[in-house]
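If you're matching positions, the sequence shown starts at 227 in this note's numbering and goes up one per residue.
The block underneath contains the structure these notes are about, expressed in structure tokens.
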Amino acid sequence: MLGPEGIEVLAESMCGISLLAFIFIATFSRSEKLEIAAQNFIMVSLLFTAVILWWLSYAGGSLWGSYYLAKPLSVLCIIIAVAARMNIKGQNVSFGANPHTIGKDKESE
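See below:
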């Protein structure tokens, strides 16, 4: 069985993998199938990371020197995993002014 140090390395690795997938999501979104696969991968990796962080907390390990950071980060991973599955491509979710069209309405008149 892994000790707290091994669980910490595993948790940090999974956080890094999830972060890299988020960084490249714009590249994956060029293809519909690839984007869905990337969203599923991000969701699964974040849920797996949340489980590892919770395990780290119960094993008595610390994350970056803090014994209290693992549980809040695991909850954050779950929230981001749910958000990663939301496909909002092309939809206006802010309902605010688009900064790219503010000056163009006056120019077109």
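Glycine included, every Cβ here is placed at the ideal spot set by N, Cα and C.
Keep in mind that this is a model prediction, so the values were computed, not measured.
query: In the structure shown, what three-state DSSP assignment does Leu-246 receive?; result: helix
query: Check for me: the alpha helix (DSSP H) holding Met-269 runs from which residue to which?; result: 258-284
query: Which residue marks the beginning of the alpha helix (DSSP H) containing Leu-295, and which one marks its end?; result: Where Leu-295 is concerned, there is no enclosing alpha helix (DSSP H), given that its DSSP letter is neither H nor E.
query: Label Asn-318 either buried or exposed according to how many other C-beta atoms from any shown protein chain fall within 10 Å of its C-beta, with 16 as the threshold for buried.; result: Unreliable positioning characterises Asn-318 in this predicted model, as indicated by a pLDDT of 49, which lies under 50. The coordinate reading is nonetheless provided below. That one is exposed.
query: Per DSSP, what are the beta-bridge partners of Leu-289 in this structure?; result: Ser-292
query: Beta carbon of Leu-272, beta carbon of Ala-237: below 8 Å?; result: no
query: Assign Ser-300 to one of two classes, buried (16 or more other C-beta atoms within 10 Å of its C-beta) or exposed (fewer than that).; result: buried
query: Grouping DSSP H, G and I as helix and E and B as strand, with all else coil, what is Leu-302?; result: helix
query: Sorted by chain position, which residues of the same chain lie with C-beta nearer than 6 Å to Gly-287's C-beta, five sequence neighbours on each side aside?; result: Pro-230, Ile-233 and Glu-234
query: Mark Ile-268 as exposed unless 16 or more other C-beta atoms lie within 10 angstroms of its C-beta, in which case mark it buried.; result: buried
query: Can you list, in chain order, the residues of its chain whose CB lies under 6 Å from that of Ser-283, leaving out five sequence neighbours each side?; result: Ala-296 and Lys-297
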